[in-house]
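Structure first, commentary second.
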Amino acid sequence: MLKSMTGYGKGEISTPQGNFVVEIRSVNHRYGEISVRLPRSFYAFENEVKRVASSVLKRGKIDISVQWDETAAANTAPQLDMAVARGYYDAYSRLAKELNLPQDAPPSFIMSQKGVMKEVAAPVDETELQPQLLSAVQAAVDALDGMRTKEGKALAEDIQARRRQVAEWSTLIGVRTPQVVVEYRQKLKARLEQLLEGAEMDESRLSQEVALLADRCDITEELVRLSSHFDQFDEALRASEPVGRKLDFLMQEMNREVNTIGSKSNDAGITTLVIQIKAEMEKMREQVQNVE
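Per the numbering used here, the very first residue in the sequence shown carries number 1251; after that it's consecutive.
Have a look at this one:
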């Protein structure tokens, strides 16, 4: 099954400490290249993030962006400022002595005073959050892979249709080639008869000239190799692993054979077919460049 190299995926995971939002974008690339942008406190997990992505995404330029939003309630924890509490207690004790009030100040009274209880940032243990981070990454990877698979199906259908068209034109070239030799013999013979004006024609010389032309224009090997490339191409389209680079190589080989056929041809019909094939194969090549 073909997969495209372009796509987008997003994954989100919520934790009591905060929320992870992971976005992945991928575009065409000759090899597999993964770049990761992480919040500073999660830098240590970059290799793990890449491992999760590379286990599914084999080829393409892949950009992963991780956003971490801490939950406000999880950011702070109450803390008693003993120096401020002692100050309030001492002040109350002096006031009670002067006004003949009870000496013991209720703890709730002291704790309710300004500055006695403070909210301070609670430390976040990033190691405990690693599984949630990787789960968000996996969700984004799965979403991206789904998009790449869907686009890959459309690519496969288009490439297969074009490949069938190229094969049809190649078959027409194979049918046309023997006729070219026959027509050349007929034209050459008619020309010689016109020039000789009734004189005896050297049939062996005529056959020799026709044989030379047939040898120069023989494209049997090229057509056989082209057919073999078609079979390998179809086999690659059915493969489950990434085959983009293999398809690209086969496109180069097919193009080489078609160019050779065009250079050997001295027939307008074959030349026209070669031009049509090359135009269609260029469209195939552009599509193959998108395959993982």
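Cβ coordinates follow ideal geometry from the N, Cα and C atoms, glycine included.
Residue burial is scored here from C-beta neighbours: E1348 has fewer than 16 other C-beta atoms within 10 angstroms and is therefore classed as exposed. Runs of beta strand (DSSP E) with 3 or more residues, each lying fully within the stretch 1255 to 1299, are found at 1257 to 1264, 1268 to 1277, 1282 to 1287, listed in chain order. With respect to E1507, R1475 sits close: the two C-beta atoms are nearer than 8 Å. Per DSSP, the unbroken alpha helix (DSSP H) holding V1334 starts and ends at 1332 to 1349. Look at K1253 here: in three-state DSSP terms it is coil, with no helix or strand label. The beta-bridge partner set that DSSP reports for W1318 consists of F1270. A direct Cα-to-Cα measurement between Y1339 and G1365 gives close to 13 Å. The Cβ atoms of A1529 and F1480 lie no closer than 8 Å to each other. Judged by their CB atoms, W1419 and Q1526 are nearer to each other than the 8 Å cut-off. With a contact defined as Cβ atoms closer than 8 Å, Y1281 and R1301 miss out at about 17 Å. In the DSSP assignment, D1481 falls within the alpha helix (DSSP H) that extends over 1470 to 1487.
For L1497, the uninterrupted alpha helix (DSSP H) run begins and ends at 1494 to 1514, by DSSP. Following the DSSP letters along the chain, one finds V1538 inside the alpha helix (DSSP H) bounded by residues 1518 to 1538.
By the criterion of a C-beta distance shorter than 6 Å, I1423 is surrounded in its chain by I1520, L1523, once the five residues flanking it on both sides are discounted.
With fewer than 16 other Cβ atoms from the protein chains shown falling within 10 Å of its own Cβ, N1516 counts as exposed.
When Cβ pairs closer than 8 Å are counted between the two stretches, the stretch 1399 to 1408 is seen to touch the stretch 1251 to 1269, the count reaching three or more. A distance of 8 Å or more separates the beta carbons of L1487 and D1395. Taking 8 Å as the cut-off, the Cβ atoms of Q1382 and I1511 do not count as close. Its Cα nearest to that of N1505, the residue S1477 stands out among R1287, I1314, D1392, S1477.
Within the DSSP bridge table, the entry for I1312 names S1276, I1284 as partners. According to DSSP, V1541 shares a beta bridge with S1254.
Under a 10 Å Cβ-count criterion, A1518 is classified as exposed, with fewer than 16 other Cβ atoms of the shown protein chains found around its own Cβ.
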